Structures are given as C-alpha cells and as structure tokens.
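Residue numbers (our numbering): 19 to 257.
Encoded as structure tokens, the structure appears first; notes follow it.
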C-alpha cells in the first residue's frame with residue numbers, strides 16, 4: 019500500500035469493481051509503489067489510413083501526439099508511470115514507442131485527477147508539450163471492458179486557453195479488455211479511434227500486448243518520481 023489510490027479507481031468509483039480482474043490489476047498502479055508497467059505487443063493496425071491527411075500530420079510529429087505513418091502488424095512498447103505531477107495531482111503518464119519500419123514514433127500523455135470542481139474527474143494532457151487537454155468520460159461494459167471517450171478538448175498556446183468547438187473537436191473512442199483464447203495465454207487488447215467530424219477517421223490503433231511490472235532502480239519509492247525519458251518538455255496546470 020502506498021497511501022495513494024490509483025486514479026482510475028477514483029475516476030470510476032464503484033464501477034471499478036465491475037472491470038475484468040486483469041483490467042483491475044492493470045489500472046491499479048499508484049504513486050509511490052516503486053514499480054512501473056511495461057507492455058509489449060503488436061498493433062494489428064496503427065496510424066492514419068487517409069493518405070491526404072498524412073502531410074499535415076507529418077508537421078505535427080514533434081508534438082509526439084500524432085504521426086503520418088500507417089501500418090499493419092507493427093510492434094509497440096508502452097510504459098505506464100503512476101506519480102504525482104509537479105502540482106501535486108495524482109497522475110498516470112504513458113509513453114508509447116511505435117516501431118514502424120521507416121521510423122519509431124513516440125506518443126505520450128499524462129492523465130491527471132482533477133478535483134477543482136469538487137467531483138473527481140480525469141483529464142488527459144496529450145503530447146510532448148501537454149498543449150492539448152481533454153476530459154475523459156469513462157464507463158464499464160457489461161462484459162467488464164473499459165470504455166473511454168475524450169470530450170471537450172482545450173488547446174493551450176502560451177497564455178491562451180482555446181476551447182475547441184464541437185465542429186472542430188476530434189474525439190477519441192477507446193476500449194480496453196482482457197482476451198482469452200482456447201489453448202493460448204490471455205492478453206490485453208486495446209482499440210482506439212480518433213474521429214473528427216469534418217475529416218472522419220484521423221487515427222486508429224488496435225492490437226494486443228503482454229504486460230508486467232518492473233521495479234524502479236535503487237528501490238525508488240518517492241510518489242513524485244518520473245524517469246527523465248517519460249517526462250514531458252512542459253507541464254500544464256490549467257484544465
């Protein structure tokens with residue numbers, strides 16, 4: 019026990035117990051545990067299917083949130099780090115490496131627990147500079163899968179806070195579950211689609227992975243610890 023609750027348990031409340039047991043374990047990483055999660059697997063599909071959208075996405079690769087490639091059967095690796103962010107919020111930072119044949123792309127984000135409005139909610143800060151933030155609307159299916167929809171995106175440009183109108187906002191629809199097959203070990207599965215009303219499907223990734231916990235070097239237990247490789251270039255306090 020670390021004294022800190024996992025943020026997805028707080029975000030889901032009583033619904034957390036309805037998740038598949040394997041998902042409950044996956045989402046139980048808490049700040050100060052001394053461990054981080056490592057997932058390794060293959061995306062059946064990943065990237066942008068629409069060729070005409072790839073040139074503008076190429077311009078955004080430095081944000082480490084979008085990328086222009088598309089592939090099938092692409093290896094990936096994810097690290098999950100539970101920690102307190104610099105503002106004391108309980109958070110989960112994910113750093114994904116996607117190994118396309120022509121390039122390795124990084125996709126990173128930090129999900130933080132926001133209680134400023136009185137009711138706990140999860141907000142997701144996306145990209146290397148955490149300039150894009152969305153609210154996460156979570157639910158649990160009757161089968162125990164986790165579903166999440168990103169809603170009401172805001173863009174931070176210097177002192178400006180720009181709420182994206184519904185006609186321009188892209189929503190991410192995610193589903194994660196544990197899949198078993200006769201005669202084979204079970205695996206985590208994930209499926210994400212990012213859809214923009216005017217452009218259609220902007221990004222998709224779906225695949226499976228194995229997951230394990232690794233200890234931090236030197237037995238680090240500090241709740242604010244986040245390895246340098248997983249830190250963004252900029253933190254954002256605003257929601």
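A virtual CB, placed ideally from N, CA and C, is assigned to each residue, including glycine.
Predicted model only: the values in this text are computed from it and were never measured.
Checklist line | Local Cβ density within 10 Å of residue 61, reported as buried at 16 or more and exposed below that | finding: buried
Next item on the list: Would you mind working out which of 76, 254, 229 sits nearest residue 53, comparing C-alpha positions?
Entry: 229
Check: Start and end of the alpha helix (DSSP H) containing residue 88?
Finding: Premise fails: residue 88 lies in the beta strand (DSSP E), 88-102, not in any alpha helix (DSSP H).
Next item on the list: Classify residue 185 as buried or exposed, calling it buried when 16 or more other Cβ atoms lie within 10 Å of its own Cβ.
Entry: exposed
Check: Residues in its own chain within less than 6 Å of residue 128 by CB, not counting five upstream and five downstream?
Finding: 109, 111, 143
Check: Under three-state DSSP, which class holds residue 79?
Finding: helix
Note to self: As a quick exercise: from 51, 254, 204, 247, pick the residue whose alpha carbon is nearest that of residue 238.
What the structure shows: 51
Notebook entry, point to check: With respect to the alpha helix (DSSP H) encompassing residue 29, which residues constitute its N-terminal and C-terminal limits?
Noted result: 25-30
Next item on the list: Can you grab the Cα-Cα spacing for the pair residue 2 / residue 45, in whole Å?
Entry: For the chain, the structure presents residues 19 to 257; residue 2 sits outside this window and is missing.
Notebook entry, point to check: So is residue 178 buried or exposed if we call it buried at 16+ other beta carbons inside 10 Å?
Noted result: exposed
Margin query: Buried or exposed, going by whether 16 or more other CB atoms sit within 10 Å of the CB of residue 65?
Written below: buried
Next item on the list: Go through its chain and collect everything with a Cβ distance to residue 214's Cβ below 7 Å, but skip five positions before and after it.
Entry: 188, 220
Margin query: Please state the DSSP three-state secondary structure of residue 253.
Written below: coil
Notebook entry, point to check: Alpha carbon to alpha carbon, what distance is there between residue 121 and residue 88?
Noted result: 11 Å
Check: Can you tell me whether residue 85 is buried or exposed, with buried defined as 16 or more other CB within 10 angstroms of its CB?
Finding: buried
Check: Based on the DSSP secondary-structure assignment, which residues constitute the bridge partners of residue 218?
Finding: 214
Item checked: Expected contact under 8 Å - CB spacing of residue 149 and residue 131 to nearest Å -> Not a contact, Cβ separation roughly 20 Å.
Notebook entry, point to check: Can you list, in chain order, the residues of its chain whose CB lies under 8 Å from that of residue 216, leaving out five sequence neighbours each side?
Noted result: 185, 186
Margin query: Does the segment 158-170 come into contact with the segment 31-39, if we say contact requires no fewer than three beta-carbon pairs (one atom in each stretch) closer than 8 Å?
Written below: yes
Check: Which residue from 114, 124, 170 puts its Cα closest to that of residue 141?
Finding: 170
Next item on the list: Ignoring anything shorter than 3 residues or poking outside the segment 159-240, list the beta strand (DSSP E) runs there in chain order.
Entry: 164-175, 178-181, 189-199, 202-214, 218-233
Margin query: With a threshold of 6 Å on Cβ separation, who are the neighbours of residue 275 within its own chain once the five nearest residues in sequence on each side are excluded?
Written below: The shown model of the chain, from 19 to 257, leaves out residue 275, and the question about it has no answer.
Margin query: Which residue marks the beginning of the alpha helix (DSSP H) containing residue 140, and which one marks its end?
Written below: Premise fails: residue 140 lies in the beta strand (DSSP E), 139-144, not in any alpha helix (DSSP H).
Notebook entry, point to check: Quick one, which of 23, 93, 63, 33 has its alpha-carbon nearest residue 224's?
Noted result: 63
Checklist line | Coarse secondary structure for residue 126, derived from DSSP in three states | finding: strand
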